[in-house]
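Number of protein chains: 2
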Amino acid sequence: MAEVEPLRVLPGRRLEVLDQTLLPSEERYVHLAGIEAVCEAIRSLRVRGAPLLGLIGAYGMAVAASTDASGPELRAAAEAIIATRPTAADLAKGVHRALAVAGEAAGDPAGALWKFASEFARQRAVEDRAMAALGASLLRPGDAVLTHCNTGALATGGIGTALGVIRAAHEAGVLSHCYATETRPLLQGARLTMWELMKLGIPATLLPDTAAATLIASGRVQAVITGADRIAANGDTANKVGTYGLALAAARHGIPFLIVAPSTTFDPACPDGSAIPIEFRAGDEVGGFAGVRWSPAGGGAFNPAFDVTPGALITAIVSERGIARPPYGDSIAALGIAPEGRRTP
Amino acid sequence: MAEVEPLRVLPGRRLEVLDQTLLPSEERYVHLAGIEAVCEAIRSLRVRGAPLLGLIGAYGMAVAASTDASGPELRAAAEAIIATRPTAADLAKGVHRALAVAGEAAGDPAGALWKFASEFARQRAVEDRAMAALGASLLRPGDAVLTHCNTGALATGGIGTALGVIRAAHEAGVLSHCYATETRPLLQGARLTMWELMKLGIPATLLPDTAAATLIASGRVQAVITGADRIAANGDTANKVGTYGLALAAARHGIPFLIVAPSTTFDPACPDGSAIPIEFRAGDEVGGFAGVRWSPAGGGAFNPAFDVTPGALITAIVSERGIARPPYGDSIAALGIAPEGRRTP
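First to last, the protein sequences are chains A and B. My numbering applies: residue 1 is where the first sequence begins, and numbers increase by one. My numbering applies: residue 1001 is where the second sequence begins, and numbers increase by one.
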């Protein structure tokens, strides 16, 4: 059980999410009473993290069905939820799986959806533990690692993907230190990852994104470990913007660059990274934070939420089904991952 | 003449610097009445930028001499000023040149130092124009460029180094667009470079440091141009932290990575980058800005002010004496640069 519950269901099917935009200064839960609230919470990043978005997609459909479980209403809800974060493969899959469950439910679609979401959450926690154990096996005793963005309990609802590996390595006594990037513009590393690392008692150091390449050049870290938002059939991986630069530095200095993501994050329907849609976010996220502006008014901004790291730069991709290694076309297929994240026969 | 005066001398030998920590929201000049105020202004980055630090080193010695021009006092002042920013080659050189002037001055060392500093400033402006013209010649019509940190008038007292090239290219109608990184942790790109670009009417876009690699991968920029804080004999270059990551991305995507710096920034006494001292700054610059904290209290921070880009990744180094190209040992020597920045015979 994670020390942090990013999502909880209180009696009376009351769905609440921990408002991550307020961390680390405040822990406040927000009640998602309807589909509008669900979409707003996703769009404004109160709830974020690729695998957790899969859960919120499923729970969001349960919330929608509790109001109106008719087919047209549920399809409209599904479209609205998916449209909030177009790059996030898990979100769309969580919603689609929920839609299928509702379509097959006899009599009580809302009940079936709440049950499905709850079982999905349990399964996610089990998958995180499996990934963590596999990923930790790739580290050597005494290794220090660098991670980016937030991929812990706050991102998955389990113990996390990349941060789950780091936690498992710490628990096994293998990890010496974890370095975390700030992760501009939304600072998930500084706000969320450092908070989780300190809660878990893992020795941790924060750095500006600008210092990552020289940190790697200095020999202080022996691996870079990140999560993923979408993985194409050839291993090209979309993840939080900044990941690609870390992969370039890791490759230059010959240290492993590891991706950790559940099988739902793989999208074999995308042949390569160029087919992954990249979300561009509002320009005012750049040049300021939390109401403080540090750039002059009126300038333009380039603000992609994600970048794409070519599979060739990725040493290994760890999923709950096993570890894929280059060349990824075959090794990903060998994990039994087919379109829609279903296991191939 | 630059639209912005980062340093000015008012009647009565009153040295004032524009407090760059308050930009872009406020333009306020600070009077540097004595050596303590000079050191504080450098340490707290009210005045910053490698070439401008050379000028402030010279003017700071003039301020010191106006109080007490004795040899021991001037040597103590020189040590105090140099100790404020140990990586900055220009600062130490400006101070050492001033010390030499004072040693040779007959009768009125303070007067000689004020005159020297003023002539030094005039020469800096001429050098900037020369570098700008040389650097702009390396761009092709329609090029968009990416720059890092602040290297404009605010950094040099002239029109700037890298930003001087960008300005000259804009004036020549060659430049299509300038992208500027935020430059965490002190955000000189967001605060200062965007302010200068908008003042100059240059089409400009701000990006988080994390987005630089994907910007380059997207083909939106045709060159990366930065300044330098110290250049070793083999071309290895210390510059604002984050520069090295930009150089890796530029090399990966085959676009030019250009360094623009006056000859005083070269340090032939440093054989390579490993001999360049790197300043580590206070950890509280990371995880927050301007009094706003976004990381939990008590975490450690990795906060080097500079990183080192290997000469092999640098397409060309532009100085006021000409353009050096790899291999740099010979091409830098051919510019006539010897230890202490003096022209070789």
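Glycine included, every Cβ here is placed at the ideal spot set by N, Cα and C. No experiment lies behind these values; they were computed from the predicted model shown.
Legend entry - Residues sharing a beta bridge with residue 1239/B, DSSP: 1307/B
Inset, instruction - Measure from the C-beta of residue 1286/B to each C-beta in chain A and report whether the shortest distance is under 8 Å. - result: yes
Inset, instruction - Indicate the three-state DSSP secondary structure (helix, strand or coil) for residue 1207/B in the structure shown. - result: strand
Inset, instruction - Mark residue 1191/B as exposed unless 16 or more other C-beta atoms lie within 10 angstroms of its C-beta, in which case mark it buried. - result: buried
Inset, instruction - Using a Cβ cut-off of 8 Å (strictly closer), state whether residue 183/A contacts chain B. - result: yes
Inset, instruction - Let me know the secondary structure DSSP gives residue 1131/B once reduced to three states. - result: Residue state for residue 1131/B is assigned as helix, using DSSP reduced to three classes.
Inset, instruction - Determine which residues share a DSSP beta bridge with residue 180/A and list them. - result: 147/A and 206/A
Legend entry - Nearest to residue 240/A (by Cα), restricted to the options 220/A, 194/A and 185/A: If we check each option's Cα against that of residue 240/A, 185/A comes out closest.
Inset, instruction - Please work out which residues of its chain come closer than 6 Å, Cβ to Cβ, to residue 1373/B, disregarding the five sequence neighbours upstream and downstream, and give them in chain order. - result: Given that chain B is displayed from residue 1001 to residue 1345, the structure contains no residue 1373/B and the question cannot be resolved.
Legend entry - Whole-angstrom C-beta distance between residue 1082/B and residue 1038/B, which should lie under 8 Å: Not a contact, Cβ separation roughly 12 Å.
Inset, instruction - Hey, could you find the ends of the alpha helix (DSSP H) residue 1346/B is sitting in? - result: What is shown of chain B runs 1001 to 1345, which leaves residue 1346/B out entirely.
Inset, instruction - Kindly provide the ranges of any alpha helix (DSSP H) runs that are 4 or more residues long and lie completely inside the region 1255-1341 of chain B, ordered along the chain. - result: 1328-1334
Inset, instruction - Taking 8 Å as the cut-off, decide whether the C-beta atoms of residue 1095/B and residue 1049/B are in contact. - result: No, the pair does not count as a contact, with Cβ atoms beyond the cut-off.
Inset, instruction - Report yes if the C-beta distance between residue 229/A and residue 217/A is below 8 Å; otherwise report no. - result: no
Inset, instruction - Show which residues of chain A have a CB atom less than 8 Å away from the CB atom of residue 1301/B. - result: 205, 206 and 207
Legend entry - Residue-level contact to chain B via CB, residue 179/A, 8 Å cutoff: yes
Inset, instruction - Quick one: list the residues of chain B neighbouring residue 298/A, beta-carbon separation under 9 Å, in chain order. - result: 1198
Legend entry - Extent of the continuous beta strand (DSSP E) to which residue 1226/B belongs: 1223-1226
Legend entry - Residues sharing a beta bridge with residue 1016/B, DSSP: 1008/B and 1031/B
Inset, instruction - Report yes if the CB atom of residue 1318/B is closer than 8 Å to the CB atom of residue 1091/B, and no otherwise. - result: no
Inset, instruction - Specify, as a first and last residue, the run of the alpha helix (DSSP H) that residue 1081/B falls within. - result: From DSSP, the alpha helix (DSSP H) with residue 1081/B extends over 1071-1083.
Legend entry - Beta carbon of residue 208/A nearer than 8 Å to that of residue 171/A: no
Inset, instruction - Pick out the complete alpha helix (DSSP H) segments inside the region 1090-1141 of chain B, 4 residues or longer, and give them in chain order. - result: 1109-1136
Inset, instruction - Please confirm if residue 1304/B has its CB atom under 8 Å from at least one CB of chain A. - result: yes
Legend entry - Beta carbon of residue 193/A nearer than 8 Å to that of residue 51/A: No, the Cβ-Cβ distance between residue 193/A and residue 51/A is not below 8 Å.
Legend entry - Per-residue contacts from residue 1315/B into chain A (C-beta, under 7 Å): Residues of chain A passing the Cβ test: none, with the nearest at roughly 17 Å.
Legend entry - Neighbour list for residue 252/A in chain B, Cβ cutoff strictly below 7 Å: 1248
Legend entry - Test: residue 151/A CB closer than 8 Å to a CB of chain B: no
Inset, instruction - Out of 1236/B, 1098/B, 1147/B and 1099/B, state which residue places its alpha-carbon closest to the alpha-carbon of residue 1277/B. - result: 1236/B
Legend entry - Secondary structure of residue 166/A, DSSP reduced to three states: helix
Legend entry - Sheet register partners of residue 230/A (DSSP bridge): 238/A
Legend entry - Cβ shell of residue 1023/B (< 8 Å), same chain only, five flanking positions each side left out: 1154, 1191, 1192 and 1195
Inset, instruction - Determine the closest residue to residue 233/A out of 210/A, 122/A, 101/A and 263/A, with distance taken between C-alpha atoms. - result: The option with the nearest alpha carbon to residue 233/A is 263/A.
Inset, instruction - Return the CA-CA distance between residue 345/A and residue 269/A, expressed in angstroms with no decimal places. - result: Caution applies to residue 345/A, whose pLDDT of 41 falls short of 50 and renders its modelled position unreliable; the value that the coordinates give is listed next. Straight across, the Cα-Cα distance linking residue 345/A with residue 269/A is about 17 Å.
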